[in-house]
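These notes concern the structure reproduced below.
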Amino acid sequence: MAPLILIILSLIPLLALFIRNYLLSCKKTNLPPTPPKLPILGNLHQLGALPHQSLWRLSKKYGPVMQFHLGRVPAVVISSPEAAREVMKLHDLATCSRPSMAGTRRLTYDYLDVAFSPYGDNWRFMRKIIILELFSLKRVRSFRFVREQEVGLLIDSIVTSGADQINLTEKLYSLTANVTFRMSFGFDYHGTEFDKNKFHEVIHEAEVVAGSMSAEECFPRGLGWIVDRWTGHQARIDKVFSELDGFFQHVIDEHVKQGREGGDGEEDMIDVLLRIYREQSRQQLGGGGKSLFGIENIKAVLLNFFLGGIDTAALTVNWAMAELLANPRLMKKAQAQVRSVAGHKNRVTEDDVDKLEYLKMVIKETLRLHPPAPLLLPRESISPVKINGYDVPPKTMIYVNAWGIGRDPNHWPEPDKFLPERFEDSSLEFKGQSFEYLPFGSGRRVCPGIHMGTITVEIALANLLCCFDWKLPDGMTAEDVTMEEQSGVSLTVSKKEPLILIPVNRMK
């Protein structure tokens with residue numbers, strides 16, 4: 001008994017020291033302000049149908065650096081250019097990781113974890129491939145004929161449709177899907193039995209899954225596991241990624257069967273990725289260490305390319321057309337410049353795009369008001385950092401509200417108005433150096449496909465403005481064109497109502 005008492009007495013000073021240090025650390029920690037939270041749910045109940053708008057409204061009360069609990073997952077929401085600069089420039093390395101795809105998603109689909117991998121050797125290797133091989137300026141230019149041909153087919157389909165009015169939104173999705181297909185796989189939809197509408201549905205489902213968190217990630221593990229299965233979330237994930245995996249594997253197998261080695265300047269994306277895969281395999285066989293690139297990495301790159309390539313370009317053109325229809329004076333101004341540059345050709349080529357200064361301003365303003373991903377893909381802090389004087393611990397999710405930052409009245413006069421002229425003689429660019437303007441992010445996590453995406457948007461919008469005068473259906477006026485967003489959880493946010501328009505062919 002006496003030895004036991006002595007042991008307990010000897011542990012008391014250590015216990016007191018532990019409690020003192022814990023209390024001091026709690027006292028010194030200056031966490032960001034947070035809205036009141038509920039047990040288990042955290043702040044999830046405060047997210048509305050449009051999370052970026054809900055968080056923007058909350059930031060008005062709780063500040064531009066706000067703590068927000070997604071169930072048991074701590075997050076910080078950034079809603080000002082100053083705070084975004086600290087995250088993406090000053091503390092870029094310490095905050096550039098990505099949360100692992102924990103729980104049901106990772107168990108179901110391994111290469112989703114590769115596609116959104118945390119910062120590390122594998123991520124750096126994948127990033128190098130994407131920047132140097134897939135999205136280099138040379139590679140982007142090599143697909144010029146694909147973009148111009150597909151835009152030409154879009155214009156022809158509108159001219160020959162014979163319909164009084166068309167669903168322009170639907171046609172834009174078809175355009176960007178086919179451009180992405182041809183660049184990725186070397187074939188298109190035309191003349192095939194492939195169901196492009198079905199594939200786009202699957203891609204949209206993948207966006208929803210990748211842009212949401214499972215209950216298993218948010219709630220205590222046992223409860224989350226039950227909720228995911230009760231709601232069908234797990235089955236939804238299984239279905240969408242099984243379909244994607246089957247399609248990607250089929251196309252990869254077809255390329256392997258054909259024995260395509262590339263190197264002739266006409267490589268598609270899979271040709272490039274298979275070449276890298278073979279090089280890595282040879283290096284591994286030669287004793288060069290572990291390969292960092294396998295078939296699952298090829299699928300991961302394709303997943304990223306489709307998630308970032310199909311919807312974003314189509315959405316941007318769609319939003320730009322909607323804003324111009326709501327502002328007839330701006331529509332006429334944009335059309336006048338495009339038609340002046342196109343001249344007798346009646347079509348705009350990529351050589352013409354650099355001369356279309358006002359069109360570029362229209363696109364910049366569209367990206368300010370309607371960034372493709374309103375909440376940039378979340379980051380995760382690797383080590384403790386201070387943002388605007390607040391402590392952000394490791395393993396904290398960080399969301400940058402690009403939508404809210406683009407409407408900050410401290411940096412944008414009349415922020416809710418569509419005013420392309422605000423970019424006249426402005427040095428603001430969307431390449432990640434201007435933190436009041438972040439449609440594609442910044443730092444190590446900046447979107448690598450900026451040039452690939454923007455040239456597609458430019459050539460498509462320019463030709464729509466050049467070839468047609470656009471009228472609204474009978475009974476509608478410019479004031480009736482709304483900018484209401486489609487609700488729901490996804491990486492991207494689309495216009496709620498599709499653009500149903502009357503095209504007037506001016507090439508007759």
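Residue numbers in the sequence shown follow full-length UniProt numbering, run continuously in steps of one, and reach 508 at the last position.
We put the CB at the ideal spot given by N, CA and C, even for glycine.
The structure displayed is predicted, hence computed values, not measured ones.
Taking just the CA atoms, how far does residue j sit from residue i?
| i | j | result |
| --- | --- | --- |
| I405 | F418 | 15 Å |
| I298 | S142 | 21 Å |
| L44 | I78 | 17 Å |
| E429 | I459 | 19 Å |
| W319 | I502 | 17 Å |
| G211 | D480 | 31 Å |
| T231 | P39 | 21 Å |
| F293 | L274 | 10 Å |
| R127 | C96 | 13 Å |
| H255 | I270 | 8 Å |
| Q335 | I226 | 56 Å |
| E350 | L461 | 12 Å |
| P33 | L356 | 45 Å |
| Y390 | N30 | 5 Å |
| Y109 | E207 | In this prediction, Y109 has a pLDDT of 46, which is less than 50 and means its spatial position is unreliable; nothing more can be read from the coordinates. |
| M321 | D164 | 18 Å |
| D264 | L359 | With a pLDDT of 47 at D264, under the threshold of 50, the modelled position of this residue cannot be trusted, and the question is left open. |
| K89 | G120 | 18 Å |
| Y62 | F219 | 24 Å |
| G222 | M213 | 16 Å |
| F68 | S136 | 38 Å |
| S242 | K257 | 22 Å |
| P413 | S490 | 29 Å |
| K471 | T160 | 17 Å |
| F125 | I158 | 43 Å |
| N505 | K345 | 15 Å |
At what residues does the beta strand (DSSP E) containing residue i begin and finish?
| i | result |
| --- | --- |
| M66 | 65-70 |
| W470 | 468-471 |
| Y390 | 390-392 |
| P74 | 73-78 |
| L501 | 500-505 |
For residue i, name the three-state secondary structure that DSSP assigns.
| i | result |
| --- | --- |
| S97 | strand |
| R379 | strand |
| M397 | strand |
| K417 | coil |
| N304 | helix |
| N43 | coil |
| K386 | strand |
| K495 | strand |
| E296 | helix |
| L438 | coil |
| L31 | coil |
Among the candidates the options, whose CA atom is the shortest distance from the CA of residue i?
| i | options | result |
| --- | --- | --- |
| S494 | D311, A478, E365, A402 | D311 |
| E267 | L307, S184, I237, F219 | S184 |
| residue 510 | A373, L38, M361, R339 | The first residue shown for the chain is 1 and the last is 508, placing residue 510 beyond what the model contains. |
| P394 | H255, P64, A75, Q165 | A75 |
| L325 | L307, T366, K360 | T366 |
| R57 | K431, D408, P473 | D408 |
| T492 | E484, G186, L315 | L315 |
| Q486 | E86, A49, P35 | A49 |
| R85 | E414, C467, K28, N401 | N401 |
| Q337 | S434, Q433, H411, C467 | C467 |
| T482 | R72, N327, M361, F187 | N327 |
| T456 | I363, W470, M507, R278 | I363 |
| A215 | H233, S157, I130, Q284 | H233 |
Could you check whether residue j and residue i sit closer than 9 Å to each other, using their CB atoms as the reference points?
| i | j | result |
| --- | --- | --- |
| F305 | L172 | no |
| L70 | M476 | no |
| T169 | L465 | no |
| L369 | G441 | no |
| D92 | R339 | no |
| N388 | S59 | no |
| V272 | R139 | yes |
| V392 | E217 | no |
| W123 | R98 | yes |
| S383 | A94 | yes |
| R347 | I155 | yes |
Following a CB-centred definition, is residue i positioned closer than 8 Å to any heavy atom of the ligand SAM?
| i | result |
| --- | --- |
| I270 | Ligands displayed in this structure: none; no statement on the ligand SAM is therefore possible. |
Tell me which residue opens and which closes the alpha helix (DSSP H) that residue i is part of.
| i | result |
| --- | --- |
| N178 | 168-185 |
| M476 | Unbroken run through M476: none, as it is neither H nor E. |
| H250 | 233-258 |
| Y358 | 357-369 |
| Q53 | 51-62 |
| C218 | 215-218 |
| V338 | 328-342 |
| G152 | 144-160 |
| A84 | 81-85 |
| D121 | 121-129 |
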